[in-house]
Each structure stands twice: as structure tokens, then as C-alpha cells.
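Numbering (this note's numbering), first residue to last: 102 to 697.
All residues carry an ideal CB built from backbone N, CA and C; glycine is no exception.
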């Protein structure tokens, strides 16, 4: 019986030790006076066997299994990319996580991440703390991916550290060992933990300049203004690190499987933050179903270049890339708000699209996507730009170096047509398409906007006007529309679609369901009239309407009221009057019986 129990304990120890990394197992061996060379499985067996001397190889504390004095094992780890800590089942920092290696669900990851926000709620504005949560998710993910690859290479090459290092240097990114999530977690009680995190982020940038340079420049984990005074700040950062060390938040590809689960978690958080960010939400987020609709309307093809000149966190660009159905495409974007630009860069990386070129700057005043000092051209350009942006740069538009405003200069207080003009000027002549979200005023406002709209129609660029339901977008309840522009159209028609009445009613936000999107796309492609839903107008009709694109001018949604049979109604009234008189008579009889 004793032998069986001993064997059972040994087996359990081997399982738990298997969650340690090879370099950590080597350190444990040295501390126990055991040989430190050999394959990882040999080291595990060696330590587990040593546990029989009365000194346990692992002990359970605070809900996790730890190698005795595991903090010193981690703390003495060489600061080398190959000796990265973190990533095994999320309990990395304490050595061994008390969790199995089963797959984790999307909902489970989403829930853990959202609960991590409790650290900041009520103390830090959501528009601020979203950046800290999303950056920490990014660090956790790259740490887990790096560790996963290191473990795979160790299994392949054994203790040939030099060969492993050479292979790791050819990975998508390089992660210095002392910058991993595990290394940060180990220092969670440090008095200068904010400074330590900042330094780690700087080194991650420096090690991956081509893909991540500048991504963390707008985030400060040591900010008193954002995170509070030293004691409060340290407590919040400690809690944040502990939240992300949840054993279930193991983001290794070998555990989560499809990379999309990480990208989806990132998008989930952005969406939840947008729901609570009010008007600021529009600065960084386009609802996923709207992004999906635009992607299908412009229908990007393999080999095409896709651009979003007001890309926010990059969600719309990613949807368009996924619409291609292969990896044969390139993504380009520009974003004016530094913190949001960083979100877009990280979002691309987490979706495996880290070769996307996302520039930081004002697209109207200072377009960055240039080739030989000229605007780059793209087959597909999409955007959900700020609605009616004030002070967009009208004073400098007349002298625009790229002559984007030759059709006219939009009003100073409404920049909608500034973005439209830029987008139309950046599509290719042969097959360029534009999909842009606009407020309804763009369809009918007069003055300079009316003149620009007229010229776009006369040039046969406008292809479709799609009216959307109200309350789809965070931060505004007003209905919006999607305009589709296209070069080399086969005819001079424009299809108007009134999809404003078909949606799924939500508690805070309405949304488009799959069936609604499919109906819009089918109608757009068929270009046939549909009663009270769609109308295909030719150029002459639009000209007769003074180039006014207000959808009700084209799509008649009036439904005739059912005819009323006056005689039948009168008969019903007479019948009810007779019943009422009878009831009244009965009531009087009852009252009389009661002496009332």
C-alpha cells in the first residue's frame, strides 16, 4: 500500500514538474545537488525521484503548486530570450500551475479578462484603463507564444541551447527573458513595479523595432495621474499581474489552438470598453457586424491592397483582410490618436497580421501612406471616420499638396467630405472601391457639400447608398449610412437600400444579424428593385432630385393602410352599446337588492 501511494505521489510530481521550463528544472537540480544536464523529461524524473528523500519536490501554496523557493529559481534565471519564463498554464511565475492542459473556451478567456478590469473600475476612467488591460494581454500572449516555441524546440533539440537560440531569433518576434510576463509577475511586490513594467515594454519595442516600435510610447504604468499615488498604483498593478496569472489564462498556441481566440478576446475587450466609453467609443471602434457588412460590400480579392485612413483599433481592416479568404493581401492604415494607433498595431499582431503598415498621424493634414511623395493607391479603401469632424483642416485644404479637394473644400465644421475626398483619391483607376460610414446629412446637405456630392455622381463614382438602423454605433444613437464608390462602373445607376427597419433590438445597442447582412449584400449584388426596401436609380433620376441622396426620395417605404368598413364598424359599436346597456341594467338590479 505504501509503495502504491509513493508511486502515485511520484506520478503527480512528474505531471506538475512538467509545467516547469527546462532552465527552471536545471536550476532546481542544481539547488538539490543533482546533475543539471539532459533532456527535459530526464530532469523531471530526476527531481521527482529525489522527492522520495522526505523533502517534497513540490508543495501547494495559495492554490498553486510551487517548487520550494521557486521565486529564487525564477529570480536567478539568465536574462536571455531562450530562458523566457511565463506561459505555462498561466500560473507561470510560481513554477507549476494546478491546472490541466485542456483547451480553454473563448467565453472563459473573455470572462477572465473582463473580471481583470475590476482592478481599475471606479478608480480609473475606462477610456484610460482599457490601454493597461490590452497591453497586459499583449505581453501575456507574446510571453506564452514564445515559451510554447521554446518548449517545442527543446523537445526537438534537447539541451543544444545554441541551436535553440538560433531558431528563436527567426521567430515573428524576439522576447528578452527578463521582459516576460513571468518575470514581471515575480516582481509584483517591488516598490517600483510601474517603472519595471515600463522598462520591459521599452526593451520589447527595441527588440522588435520593425513591428512594434512606438507601440508602448503612449502607455505609462508608472503614471501617478492615471493610476494614483505610489501605494495605490503598486496595489493596482500587483492585482493586475495576479489577475493575468490565472491558470486558465494560458494562451499558448498548443493549448488555445486557433490563433483567432486571442484576437477575438482582444476584440471582445475593445467592444466592452466601447460600450462604456460613450462618445469616445467612436474614436476606436466599429461594431463587428458593420465591419462585416462593409467588408462584403467592397469584397476584397486575393492580391489586393486594403487601406483604412481612419483605422481606429484596426477592426474594420482585419474584417476586410479575413474576407479575402487567403493570406494574399496587404493591410495599410493611419490613425490620428496615438493610444488608438498602438491598439491597432497590437490588434494586427494578435491576429497574425503584423506585417500591416499602420501609420500614426492626421490623415487629412498629414497623410503618411505615400510613395515617391505621392498618395499610395489601393484597390480597397474603407473607413468609419469621425462624424462631421470640426476643425478638420479646411484652412490648409486649398493648398493641399495632393490636390485631394479639387471638387470643393468641405465646410470647416463638417469634415465628412474631407475623408470621402481623400478616400476616392487613393483608389486605383481600374478596380478601386470605397466603403465609408457617414451620417445622413452627407446625403442631402447643400452648399459646398452639395457641389462635391454632385461632382462625385457626375463622375459616375457612386455605386450604392445603404441606410442603416439607428443606435448601431457606440457613442451616438443617430442612424448612419454606408456609401460605396467604385471606379469603372458598368453603368450609371446607383442602388439605394433602406435597411433601417431590419435589425436585432438590443438593450443598449441595436445590431445587424446575419440574415440582415445577407439580405443587404444579395440586394446590392442583384441590383433589382425590392418593394419598400431597395431602388435602382439612374443618373437622370438623381439629377432631377438635384443630386439629393436622401433615401426616402428613392425607396418608398409607405405602406397603405387597410381600408375600414364603416358599416361593419358601426354595427360593432351598436352591439357593444347594447351589451353595455344590458350590463348596466343588471348592475342596477343588484344594487337595488342590496338596498343601495
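- Message: So the candidates are 392, 452, 426; which of them puts its Cα closest to the Cα of residue 483?
- Response: In the chain shown, the residue the question calls residue 483 occupies position 382. Nearest of 392, 452, 426 to residue 483, Cα basis: 392.
- Message: Using CA atoms only, rank isn't needed, just tell me which of 448, 502, 316 is closest to residue 467.
- Response: Taking the first residue of the chain shown as 1, we reach residue 467 at position 366. Nearest option by C-alpha distance: 502.
- Using the rule of at least 16 other Cβ atoms within 10 Å of the residue's Cβ for burial, across every protein chain shown, is residue 410 buried or exposed? As a first step, residue 410 is located in the chain shown; it is residue number 309 there, counting from the start. By the 10 Å Cβ count, residue 410 comes out buried.
- Query: Any idea which residues DSSP pairs residue 586 with across the strands?
  - Reply: Taking the first residue of the chain shown as 1, we reach residue 586 at position 485. According to DSSP, which records beta bridges pairwise, residue 586 is partnered with 535, 563.
- What are the boundary residues of the beta strand (DSSP E) that residue 434 is part of? In the chain shown, the residue the question calls residue 434 occupies position 333. Run containing residue 434: 431-436, per the beta strand (DSSP E) assignment.
- Message: Between residue 515 and residue 489, how many whole angstroms is the CB-CB distance? I'm expecting something under 8 Å.
- Response: Position 414 of the chain shown, counted from the first residue, corresponds to residue 515. Position 388 of the chain shown, counted from the first residue, corresponds to residue 489. About 5 Å; that satisfies the 8 Å criterion.
- Cut-off 6 Å between Cβ atoms - residues of its own chain near residue 312, not counting five sequence neighbours on either side: The residue you call residue 312 lines up with position 211 of the chain shown. Excluding residues within five positions, the ones whose Cβ falls inside 6 Å are 455.
- Message: Given this structure, state the Cα-to-Cα distance separating residue 134 from residue 292, to the nearest angstrom.
- Response: Sequence index remark: in the chain shown, residue 134 carries index 33 (1-based). Sequence index remark: in the chain shown, residue 292 carries index 191 (1-based). So the alpha carbons of these two residues sit roughly 34 Å apart.
- Check whether the stretch 436-455 touches the stretch 408-422, counting contact only when three or more Cβ pairs, one atom from each stretch, lie closer than 8 Å. yes
- Message: Is the beta carbon of residue 429 closer than 8 Å to that of residue 453?
- Response: Mapped onto the chain shown, residue 453 falls at position 352. Mapped onto the chain shown, residue 429 falls at position 328. It is not a contact, given that the beta carbons lie outside the stated cut-off.
- Message: Can you tell me which residues form a DSSP beta bridge with residue 409?
- Response: To locate residue 409, count along the chain shown from 1; it is residue 308. Answer is 434.
- Message: Cutting at 6 Å between CB atoms, please list the residues of its own chain near residue 254, excluding the five before and the five after it.
- Response: For the purposes of this step, residue 254 is taken as residue 153 along the chain shown, with counting starting at 1. Taken in chain order, the residues that qualify are 265, 268.
- Task: Give the DSSP-derived three-state secondary structure of residue 508 in the structure shown.
- Result: Start at 1 with the first residue of the chain shown, and residue 508 comes out as number 407. Residue state, collapsed to three classes: coil.
- Message: Check for me: the beta strand (DSSP E) holding residue 325 runs from which residue to which?
- Response: The residue you call residue 325 lines up with position 224 of the chain shown. Taken as a continuous stretch (DSSP letters only), residue 325 belongs to no beta strand (DSSP E), being part of the alpha helix (DSSP H) at 325-328.
- Between which two residues does the beta strand (DSSP E) containing residue 638 stretch? Residue mapping note: residue 638 aligns to position 537 of the chain shown, counting from 1. Residues 635-638.
- Message: For residue 271, list the residues DSSP reports as bridge partners.
- Response: By one-based count along the chain shown, residue 271 stands at place 170. For residue 271, which the question treats as bridged, DSSP gives no partner whatsoever.
- Message: One question on the structure: do residue 274 and residue 309 come within less than 8 Å of each other, judged by their Cβ atoms?
- Response: Taking the chain shown and counting its residues from 1, one reaches residue 274 at position 173. Taking the chain shown and counting its residues from 1, one reaches residue 309 at position 208. Going by C-beta atoms, residue 274 is nearer than 8 Å to residue 309.
- Query: Rounded to whole angstroms, how far is the Cβ of residue 654 from the Cβ of residue 646, which I believe are closer than 8 Å?
  - Reply: Within the chain shown, residue 654 is the residue found at index 553, counting from 1. Within the chain shown, residue 646 is the residue found at index 545, counting from 1. Going by Cβ atoms, the distance from residue 654 to residue 646 rounds to 5 Å, so yes, they are a contact pair.
- Task: Report all residues from its chain with a CB closer than 7 Å to the CB of residue 651; omit the five preceding and five following residues, and keep chain order.
- Result: As a position in the chain shown, residue 651 is number 550, starting the count at 1. For residue 651, where only same-chain residues beyond five positions count, the Cβ hits under 7 Å are 544, 545.
- Message: Given this structure, state the Cα-to-Cα distance separating residue 129 from residue 339, to the nearest angstrom.
- Response: As a position in the chain shown, residue 129 is number 28, starting the count at 1. As a position in the chain shown, residue 339 is number 238, starting the count at 1. Straight-line Cα distance between these residues: approximately 26 Å.
- Message: Using only the alpha-carbon positions, how far apart do residue 236 and residue 638 sit?
- Response: Residue 236 sits at position 135 when you count from the first residue of the chain shown. Residue 638 sits at position 537 when you count from the first residue of the chain shown. When rounded, the separation of the alpha-carbon atoms in residue 236 and residue 638 is 49 Å.
- Does the distance from the CB of residue 581 to the CB of residue 537 come in under 8 Å? Here residue 581 is taken as the residue at index 480 of the chain shown, counted from 1. Here residue 537 is taken as the residue at index 436 of the chain shown, counted from 1. No. Outside cutoff.
- Task: Go ahead and pull the three-state DSSP assignment for residue 657.
- Result: Looking up residue 657 in the chain shown gives position 556. In this structure, residue 657 counts as coil in the three-state DSSP scheme.
- Query: Could you give the uninterrupted runs of the beta strand (DSSP E) lying entirely in the stretch 224-278, keeping only those of 3 residues or more?
  - Reply: Counting only runs of 3 or more, we get nothing.
- Message: At the level of alpha carbons, what is the spacing between residue 688 and residue 673?
- Response: Translated into the one-based positions of the chain shown, residue 688 becomes position 587. Translated into the one-based positions of the chain shown, residue 673 becomes position 572. Cα to Cα, residue 688 sits roughly 23 Å from residue 673.
- CB contact flag (residue 408, residue 479, <8 Å): Residue numbering aside, residue 408 sits at position 307 when the chain shown is read from its first letter. Residue numbering aside, residue 479 sits at position 378 when the chain shown is read from its first letter. Yes. Within cutoff.
- Task: With DSSP collapsed to three states, give me the class of residue 650.
- Result: Counting from 1 along the chain shown, the entry for residue 650 is found at position 549. Three-state DSSP puts residue 650 in coil, outside helix and strand.
- Out of curiosity, what's the CA-to-CA distance linking residue 680 and residue 694? In the chain shown, counting from the first residue as 1, residue 680 sits at position 579. In the chain shown, counting from the first residue as 1, residue 694 sits at position 593. Going by the C-alpha atoms only, they are around 22 Å apart.
- If we ignore side chains and look at the alpha-carbon of each, how far apart do residue 567 and residue 209 end up? By 1-based counting over the chain shown, the position of residue 567 is 466. By 1-based counting over the chain shown, the position of residue 209 is 108. About 37 Å.
- According to DSSP, what are the bridge partners of residue 596? Taking the first residue of the chain shown as 1, we reach residue 596 at position 495. According to DSSP, which records beta bridges pairwise, residue 596 is partnered with 565, 637.
- Just checking my contact of residue 595 with residue 564 at CB under 8 Å: how many whole Å lie between their CB atoms? As a first step, residue 595 must be located in the chain shown, where it is residue number 494. As a first step, residue 564 must be located in the chain shown, where it is residue number 463. With a Cβ gap of about 7 Å, residue 595 and residue 564 count as contacting.
- Message: Given this structure, state the Cα-to-Cα distance separating residue 211 from residue 470, to the nearest angstrom.
- Response: As a working mapping, residue 211 is identified with position 110 in the chain shown. As a working mapping, residue 470 is identified with position 369 in the chain shown. Approximately 35 Å, taken between the alpha carbons.
- Task: Could you name the residues that DSSP lists as bridge partners for residue 528?
- Result: In the chain shown, counting from the first residue as 1, residue 528 sits at position 427. DSSP, once it has assigned bridges, lists 479 as partnering residue 528.
- Are the CB atoms of residue 439 and residue 319 nearer to each other than 8 Å? Numbered from 1 along the chain shown, position 338 holds the residue referred to as residue 439. Numbered from 1 along the chain shown, position 218 holds the residue referred to as residue 319. Cβ distance < 8 Å, so residue 439 and residue 319 count as in contact.
- Query: Would you call residue 364 buried or exposed, if buried means 16 or more other Cβ atoms sit within 10 Å of its Cβ?
  - Reply: What you label residue 364 is simply residue 263 of the chain shown in a count that begins at 1. Buried.
- Output the boundary residues of the alpha helix (DSSP H) element that contains residue 305. Taking the first residue of the chain shown as 1, we reach residue 305 at position 204. Here the alpha helix (DSSP H) through residue 305 covers 294-308.
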